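For reference, the structure discussed in these notes is given below.
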Amino acid sequence: MPDRTPSTWYTAVSGCVRCGRDVAAFELLRGMRERGVPLSGFALASLVTACERRGRDEGIACGAAIHALTHRAGLMGNVYIGTALLHLYGSRGIVSDARRLFWEMPERNVVSWTALMVALSSNGYLEETLRAYRQMRREGVPCNANAFATVVSLCGSLENEVPGLQVASHVIVSGLQNQVSVANSLITMFGNLGRVQDAEKLFDRMEEHDTISRNAMISMYSHQGICSKCFLVFSDMRHHGLRPDATTLCSLMSVCASADHFSHGSGIHSLCLRSSLDSSVTVINALVNMYSAAGKLSDAEFLFWNMSRRDLISWNTMISSYVQNCNSTDALKTLGQLFHTNEIPNHLTFSSALGACSSPGALIDGKMVHAIVLQLSLQRNLLVGNSLITMYGKCNSMEDAEKVFQSMPTHDVVSYNVLIGGYAVLEDGTKAMQVFSWIRSAGIKPNYITMINIHGSFTSSNDLHNYGRPLHAYIIRTGFLSDEYVANSLITMYAKCGNLESSTNIFNSITNKNIVSWNAIIAANAQLGHGEEALKLFIDMQHAGNKLDRVCLAECLSSCASLASLEEGMQLHGLGMKSGLDSDSYVVNAAMDMYGKCGKMNEMLQMVPDQAIRPQQCWNTLISGYAKYGYFKEAEETFKQMVAMGRKPDYVTFVALLSACSHAGLVDKGIDYYNSMASSFGVSPGIKHCVCIVDLLGRLGRFAEAERFIEEMPVLPNDLIWRSLLSSSRTHKNLEIGRKAAKKLLELDPFDDSAYVLLSNLYATNARWVDVDKLRSHMKTININKRPACSWLKLKNEVSTFGIGDRGHKHAEKIYAKLDEMLLKLREVGYIADTSSALHDTDEEQKEQNLWNHSEKLALAYGLIVVPEGSTCQMGEIDQLIARFFSTVGVFVRFHGSQQKRGSSIILDERRGGPGSSITERRQYEQETTGFIKDHEEIRRRPRCRRIKHDITFLFSPLGQAESTMIRKLKHRRLMNSEPT
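What the sequence shown shows, in this note's numbering, is residues 178 to 1158, in sequence order.
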């Protein structure tokens, strides 16, 4: 053109940008400056739009240059270029520059405000976006349809529905509710808030429905998981001649993203191919997500790696898919490959990537990802900050988690919840309550997840007294008790703290009990040793019409394991098969554990899955099973096989392995494995590992090393540590160590009855009867009583319970006559009562009388009377000094041989409070004394059960088949219950 006006230049620049000829547009800008053509906001705003199409760094540099040029040209007052720069900074995640630019603008209109709100909301600053909207209203700027659509959309992402309803009322007052774009946003918001009926009413009242309207309805039903209604709307859409677009298909694929609806998803994939939408990046991203969520990771990988073009969402979806399928290594590799592309990772990228580092062994990887976050200046993003806290919490690095929390510029309820959750995993109730006080001081309203996380951090009666009960009062006052999730978590909290009565009361107060409520109370009874009550509750649950699930079945199998109730366990296993749960890894693991603890090692081994597909839990159960039976070599070999198969040992694995070392008396081996946990396998030692080491050292009387280990432990010692040390000191008659351990135990819980009983027993074994009397008098003063030990015998469906010297049984005369008969026969072969470990200051005759009237002997005598000849005698015995019981029963068996035959059984299980009493109390209470064979006193002093078995077999050899069978079964039952105190 021979004659070019400024308007001509501006139009040419804008036209080149619209046609995608960005290079030509910038050449025209250079020509304008060379010829002295004045700049305009219109032309510069177009060039800013061109900058958005460039890579992140290049686009930012180009935008900054135009920003500087605008300053020099005095055009910062131009609202168009200011709005364009806001869009640029927001799309590149530079929120701080967007904020500064906005507040420096001399003139701001509704478009500028909308650009700011888009920049904030797209980068996760939802609360700040809402504050900006309110400020805009205060300044009297009227909203248009685009502004309302932006604000309504962000309200759907907030947990609190109040702001969304307020904005909806503003829309109605403005009269813009009939605008299709605004109505569509309202439908989406109502859907996200779970207000399905409101969305349906709005949709029905709309005069005009477009594809976006129906997409909004499909998306809402998809989020609610209502698959049938999604396809009804889709069918109606096609009936009205509307062609489904990429958004339609993506929403349908979202609802099909599960194994249950995968067949529908495959059909949608076929429709994508017929509609020629299979090349759409958005559609392929949705397909990748659908296949991944349905467990078809290989198909998701195939689609992703064969994409001709990938955007950032593609990469984010694939990283998330790997994380969801527990493939952390490939997730981090994919993140690394993303850095070699032109795509710039955003806050969603790192939120997913940090999920791949959420285990103690991945802490180093997590810190590397954190470093990249800092390099890209994304650490101030709320979602990234919450993800970092979650990552450090799951890596048990709470110091780093708290540092991230303190450095965050803003917090929401999720920030506090994930920090509390981290402390809950470590069972640190004090720190969890400290964070709870922060959330209340900040004026942020806790939600039901806050309550559940805090409940998970309480584990002792002290926690319950100091925090649990006050928190329960707060829950009642604030109305959280009506939330079924909170009520169920209260059941679990009280049970973890040992208060089953309160758990039961809360359960009974729930009007509409769901399966989770039943599972919680069943688990509470099972874990506190009330196995029989757990099984009764299971029957009640079935009668109430609740469907059996894997959690309930596993807990009931655990109850059978604790009761050694093989028959009931097999029935439950059969029920699981009928219900289709027999292939569930959780149920398989519980059934293996049940068979192992019931002495059926062969049945347990038959259930073990093949090594190639064996879950981690099954490896751990197998190692634990060998450990309980004293088979250290087999346990160690299984551990080595697991490592060779590429499986990474976890917290539970090392608990089982260290228990095996303890049972085998292998101190050096146990300490070597303990030291290798963190260095070789990335597993941080926990309190249960430390208990195993203390138990191992204590069993062998190496108290100096045990004390030194406790001082150097990476975690604070708890009641299990001191109780183990106190129990070992009683075995070795070490008063000094025992008193110290008892003092520490009572400092943790002044009303711990086990501490008083074990200390009393320690005094008694050292013949310090004055101290015994003082301690027992003190127990009466503070109203602490120990329940007497008992044994019981189960014959078919009848259970008979016996206490020491019990004469309340209807066949008492016959039982004591049988005892006298057995005593005469035992004396003929040299039996002499050992009264050296008597726990009461009486004369020798009374001590021997108490010894012979032991509850297990009464139960055995009754069994020999009523159990038909040729039936199996299955005995569970919890006495620490097992050899004495073996010796006595071994001679009984010699005179009363029993051949294996299914039908009846004798179960002798010494516990406090009778059937269903707490298993954890087995070794915490006074042990009743028993006799042993003359000249074999050394047997009972040996700490290892397998060696004892060898000596007893030698003692009674040659034995018949019946005697050998009985001793083998007794050995299995004892080894099964010989865990650390």
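Where a beta carbon is used, it is the ideal one built from N, C-alpha and C, also for glycine.
Note that the structure is predicted; figures quoted are calculated from it, not measured.
C-beta contact flag for residue i and residue j at 8 Å
{"i": "Ile699", "j": "Glu732", "result": "yes"}
{"i": "Phe979", "j": "Leu1035", "result": "yes"}
{"i": "Arg907", "j": "Leu935", "result": "yes"}
{"i": "Leu429", "j": "Ile445", "result": "yes"}
{"i": "Asp926", "j": "Asp896", "result": "yes"}
{"i": "Trp899", "j": "Ala918", "result": "yes"}
{"i": "Ala275", "j": "Met294", "result": "no"}
{"i": "Ser505", "j": "Ala539", "result": "yes"}
{"i": "Val561", "j": "His524", "result": "yes"}
{"i": "Asn493", "j": "Gly232", "result": "no"}
{"i": "Leu454", "j": "Leu426", "result": "yes"}
{"i": "Asn630", "j": "Gly598", "result": "yes"}
{"i": "Gly606", "j": "Phe582", "result": "no"}
{"i": "Gly875", "j": "Leu902", "result": "yes"}
{"i": "Pro537", "j": "Asn563", "result": "no"}
{"i": "Leu221", "j": "Leu263", "result": "no"}
{"i": "Ala376", "j": "Met397", "result": "yes"}
{"i": "Ser762", "j": "Gln783", "result": "no"}
{"i": "Leu603", "j": "Met585", "result": "no"}
{"i": "Leu714", "j": "Gly675", "result": "no"}
{"i": "Leu596", "j": "Gly620", "result": "no"}
Buried versus exposed, by CB contacts within 10 Å (16 or more), residue i
{"i": "Ala932", "result": "buried"}
{"i": "Ile391", "result": "A small correction: the amino acid at residue 391 is Arg; Ile does not occupy that position in the sequence shown. Answer is buried; the Cβ neighbour count reaches 16."}
{"i": "Trp186", "result": "buried"}
{"i": "Ile364", "result": "buried"}
{"i": "Ser1032", "result": "buried"}
{"i": "Ala436", "result": "exposed"}
{"i": "Ala789", "result": "exposed"}
{"i": "Lys921", "result": "buried"}
{"i": "Cys239", "result": "buried"}
{"i": "Ser431", "result": "buried"}
{"i": "Ser856", "result": "exposed"}
{"i": "Gly751", "result": "exposed"}
{"i": "Asn466", "result": "buried"}
{"i": "Asp872", "result": "buried"}
{"i": "Gly341", "result": "buried"}
{"i": "Ser904", "result": "buried"}
Same chain only: Cβ atoms within 8 Å of residue i, ignoring 5 sequence neighbours per side
{"i": "Val458", "result": "Met484, Arg486, Arg487, Asp488, Ile490 and Ser491"}
{"i": "Glu501", "result": "Checking the sequence shown, residue 501 turns out to be Gln, not Glu. Counting only Cβ-Cβ distances below 8 Å, and skipping sequence neighbours, we find Ser469 and Ala470."}
{"i": "Ala721", "result": "Lys690 and Trp695"}
Close Cβ partners of residue i (< 6 Å) along its chain, the five nearest in sequence each way excluded
{"i": "Asp770", "result": "Ala738 and Thr798"}
{"i": "Asn329", "result": "The sequence shown places Val at residue 329, not Asn. If we look at Val329 and ignore the five residues flanking it on each side, its Cβ neighbours are Val344, Ser362, Leu363 and Met366."}
{"i": "Val693", "result": "Asn665"}
{"i": "Thr669", "result": "Ala697"}
{"i": "Asn300", "result": "Gly270 and Val272"}
{"i": "Arg382", "result": "none"}
{"i": "Ser760", "result": "none"}
Close beta carbons around residue i, own chain, < 7 Å, minus the five adjacent residues each side
{"i": "Arg230", "result": "Asp199"}
{"i": "Ile652", "result": "Met628, Leu658 and Val663"}
{"i": "Gly254", "result": "Pro283 and Glu284"}
{"i": "Arg953", "result": "Ser937"}
{"i": "Ala201", "result": "Cys193"}
Validate contact between the region 830–841 and the region 794–803 using beta carbons, cut 8 Å, 3 pairs: yes
Ranges of the beta strand (DSSP E) found wholly within the region 617–644, counting only runs of at least 3: none
The region 884–895 in contact with the region 854–867 per 3-pair CB rule at 8 Å: Yes, the region 884–895 is in contact with the region 854–867.
At least three beta-carbon pairs within less than 8 Å, the region 284–292 to the region 312–321: yes
Length at least 4, wholly inside the region 868–917: the alpha helix (DSSP H) runs in chain order: 880–889 and 896–908
Validate contact between the region 697–713 and the region 671–681 using beta carbons, cut 8 Å, 3 pairs: yes
Contact the region 522–539 vs the region 816–824: 3+ CB pairs below 8 Å: no
Completely contained alpha helix (DSSP H) runs for the region 765–822, where each covers 4 or more residues: 778–784, 793–805 and 809–821
Residue ranges of each alpha helix (DSSP H) within the region 448–496, 4 or longer: 458–470 and 474–482
Complete alpha helix (DSSP H) runs within the region 239–321 (minimum length 4 residues, chain order): Runs found: 256–268, 272–281, 287–299 and 303–315.
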